[in-house]
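Please read the structure below before turning to the comments.
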Amino acid sequence: MNDNVSPRLAVRGLAKHFTLHLRGGARLQVLDDTSLDVHAGECVALVGASGRGKSTLMKCLFGSYGADAGTLHFASSSGTVDIAAASPQRMLDLRRRDIAYVSQFLRAVPRVPALDVVAQRLIDADPAPASDDLDDAVHAARLDAARDAARALLGRLRLPPPLWELPPATFSGGEQQRVNIARGFVQPARLLLLDEPTASLDAANRRVVVELIHEAKAQGAAVVGIFHDEEVRDAVADRCVELG
Amino acid sequence: MAEATPLMRVRGLAHRFPAAREERFAVQDADLDLFPGEVVAIVGESGSGKSTLLNCIAGRLTPTRGAVHYRDANDRWLDVHALTERQQRVLARTEWGFVEQNASDGLRLDVSAGANIGERLMGQGERHYGRLRASAERWMQRVELDTGRIDDSPRAFSGGMRQRLQIARNLVTRPRLVLLDEPTSGLDVSVQARLLDLIRTLTTRMHLCALIVTHDLGVARLLAQRTLVMRHGRVVEQGLTDRVLDDPQHPYTQLLVSSVVMP
Numbered sequence: 000m001n002d003n004v005s006p007r008l009a010v011r012g013l014a015k016h017f018t019l020h021l022r023g024g025a026r027l028q029v030l031d032d033t034s035l036d037v038h039a040g041e042c043v044a045l046v047g048a049s050g051r052g053k054s055t056l057m058k059c060l061f062g063s064y065g066a067d068a069g070t071l072h073f074a075s076s077s078g079t080v081d082i083a084a085a086s087p088q089r090m091l092d093l094r095r096r097d098i099a100y101v102s103q104f105l106r107a108v109p110r111v112p113a114l115d116v117v118a119q120r121l122i123d124a125d126p127a128p129a130s131d132d133l134d135d136a137v138h139a140a141r142l143d144a145a146r147d148a149a150r151a152l153l154g155r156l157r158l159p160p161p162l163w164e165l166p167p168a169t170f171s172g173g174e175q176q177r178v179n180i181a182r183g184f185v186q187p188a189r190l191l192l193l194d195e196p197t198a199s200l201d202a203a204n205r206r207v208v209v210e211l212i213h214e215a216k217a218q219g220a221a222v223v224g225i226f227h228d229e230e231v232r233d234a235v236a237d238r239c240v241e242l243g
Numbered sequence: 000m001a002e003a004t005p006l007m008r009v010r011g012l013a014h015r016f017p018a019a020r021e022e023r024f025a026v027q028d029a030d031l032d033l034f035p036g037e038v039v040a041i042v043g044e045s046g047s048g049k050s051t052l053l054n055c056i057a058g059r060l061t062p063t064r065g066a067v068h069y070r071d072a073n074d075r076w077l078d079v080h081a082l083t084e085r086q087q088r089v090l091a092r093t094e095w096g097f098v099e100q101n102a103s104d105g106l107r108l109d110v111s112a113g114a115n116i117g118e119r120l121m122g123q124g125e126r127h128y129g130r131l132r133a134s135a136e137r138w139m140q141r142v143e144l145d146t147g148r149i150d151d152s153p154r155a156f157s158g159g160m161r162q163r164l165q166i167a168r169n170l171v172t173r174p175r176l177v178l179l180d181e182p183t184s185g186l187d188v189s190v191q192a193r194l195l196d197l198i199r200t201l202t203t204r205m206h207l208c209a210l211i212v213t214h215d216l217g218v219a220r221l222l223a224q225r226t227l228v229m230r231h232g233r234v235v236e237q238g239l240t241d242r243v244l245d246d247p248q249h250p251y252t253q254l255l256v257s258s259v260v261m262p
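In structure tokens:
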């Protein structure tokens, strides 16, 4: 019963500063005693002027930034874990299955087609057992299934099919962002971190992203997002939390 | 979730070259765990000790202090530097791979490409010509080399082709641990991208553990889940690659990250 009331994510007393050694050790306190609860199926929008630490909080939740103090308790598929204290191995495991992060920028290995940038997320989430290591038929079947899922999502996001087989490096900002969104949503996550997911999208594509967020919430994802687009924010957020 | 068991444990490793002054260590106090299926990068400038550390781990250099323990395919922990030379050679030819920065150091230039790939298999007792040749062809395809060149000497290959041949030669016996020393430096950018994609695909599909020495933070970013930063022989920072590159704590890491055009 307790599962229904205890939050999926509980942030307590999070502090984060940056020491800029190249600028004489200047100290930048970005977060100080930040607390936040997010429940399964809930979407919390972070608001506040820029520089208040919205993206910093997201990166602490993803483990890209270390926390100075505080706890980040997350109910993962394999038990509760404090992200602030998780080992790199544990964090990688969480990222493979439980936590998805959609940023404004896409980073991808050169030469990998957009379709596989998305499909790889599914393969990574459910890696083949080591005994199958180079069994081409098994791998091919898995890859086919993952690519089908990727095609369906890229289609929904209206990325032109001729682009699917091309590496995204030469795509426009909006096209890259849709690849990024597809990568973030293709594997259902328990915690979805969205940093301006609609920043360079047109109205029609924004609506698709709003739908995807609604579907993720309905499947029980806890969502933390930064949405400068108020229309999108109003459509998806259950509440806003002001930082700073 | 149970924590995974490492494949390799490096503890308190130090190395001083015989000619060096008493206090001049090439590597000092290095601690490192490697886990199955992960790619780990060691970054740092020339002379930081990264290749020396790699060679100590590979058993090619004997550390002045410290130990390297490896968990073999039979789940036994081996003290790498307590093994006989013969035992080390067997390990290096079966469960480990080593990709040299300079491909010609890792290849036999006087025999054909096919024979280069077949050598480790023959070392494990495979003598059947047809099977050796079929393996060589399959591996040439995997690393995207034209199988029509199977009988050519690697002397006739370009730098990028040689590097791919070296990778095939190492991976044909499906090692569990591959050590790579600057595998992409000196290659054209397009060849480098191709090689990175290949290394990424093979490590994911074979669940290899790869330790890759590179001075290129972009290579670390794209390939490695974890990164160690070395300076003056010491590991000054280590962790998740994106954490090390996006939230660097050590002044030297901050300098490295701020010095590249696109980290």
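Chains as they are written, first to last, in numbering that gives the first Met the number 0: chain A, 0 to 243; chain B, 0 to 262.
Even glycine gets a Cβ: it sits at the ideal position worked out from N, Cα and C.
| Item | Value |
| --- | --- |
| Three Cβ pairs or more, each shorter than 8 Å: is that satisfied between the stretch 134 to 143 of chain A and the stretch 221 to 240 of chain A? | no |
| Pairs of beta-carbons, one from the stretch 143 to 154 of chain B and one from the stretch 93 to 113 of chain B, closer than 8 Å: are there three or more? | yes |
| Beta-carbon within less than 8 Å of residue 24(A)'s beta-carbon, same chain only, minus the 5 sequence neighbours each way: which residues are those? | 18 |
| Output the residue ranges of the alpha helix (DSSP H) runs that lie fully inside the stretch 125 to 189 of chain B and measure 4 residues or longer, sorted by chain position. | 128 to 141, 158 to 170 |
| Would you mind sorting residue 41(A) into buried or exposed? The rule is 16 or more other CB atoms within 10 Å of its CB. | buried |
| Using only the alpha-carbon positions, how far apart do residue 119(A) and residue 15(B) sit? | 43 Å |
| Which of helix, strand or coil does DSSP assign to residue 200(B)? | helix |
| What does a CB cutoff of less than 7 Å around residue 219(B) pick up in its chain, not counting 5 residues either side in sequence? | 40, 42, 213, 226, 240 |
| To which residues does DSSP link residue 237(B) through a beta bridge? | 227(B) |
| Counting contacts by CB-CB distance shorter than 8 Å, is residue 23(B) in contact with chain E? | In the structure shown, chain E cannot be found, because the protein chains are A and B. |
| Opposite residue 224(A) in the DSSP bridges: which residues? | 44(A), 193(A) |
| Quick one: what does DSSP say residue 242(A) is sitting in, helix, strand or coil? | coil |
| Determine the contact status of residue 149(B) and residue 182(B), defining contact as a CB-CB distance below 8 Å. | no |
| Among residues of its own chain, excluding the 5 on either side of residue 200(A), which ones have a beta-carbon nearer than 8 Å to its beta-carbon? | 173, 176, 177, 208 |
| Over the uninterrupted beta strand (DSSP E) stretch that includes residue 97(B), give me the two end residues. | 95 to 98 |
| Which residues in chain A sit within 9 Å of residue 221(B), going by Cβ to Cβ distance? | 106, 107, 108, 109 |
| Taking Cβ positions only, does residue 53(A) come closer than 8 Å to chain B? | no |
| Could you run through the stretch 76 to 88 of chain A and flag, in chain order, every residue whose CB is less than 8 Å away from some CB of chain B? | 77, 78, 86, 87, 88 |
| Is the beta carbon of residue 180(B) less than 8 Å from the beta carbon of residue 50(B)? | yes |
| On the CB-based measure, 16 or more other CB atoms within 10 Å of its CB, does residue 46(B) come out buried or exposed? | exposed |
| Among 58(B), 135(B), 65(B), whose alpha-carbon lies nearest the alpha-carbon of residue 84(B)? | 58(B) |
| Could you tell me the distance, in whole angstroms, from the CA atom of residue 36(A) to the CA atom of residue 68(A)? | 17 Å |
| Name the DSSP bridge partner or partners of residue 37(A)? | 8(A) |
| In terms of residue numbering, what span does the alpha helix (DSSP H) encompassing residue 39(B) cover? | Segment 38 to 42 is the beta strand (DSSP E) holding residue 39(B); no alpha helix (DSSP H) there. |
| Could you tell me the boundaries of the alpha helix (DSSP H) in which residue 21(A) lies? | Residue 21(A) -> no alpha helix (DSSP H), and no H or E assigned at all. |
| Excluding the 5 residues preceding and the 5 following residue 88(B) in the sequence, name in chain order all residues of the same chain whose CB lies nearer than 7 Å to its CB. | none |
| List the DSSP bridge partners of residue 75(A). | 78(A) |
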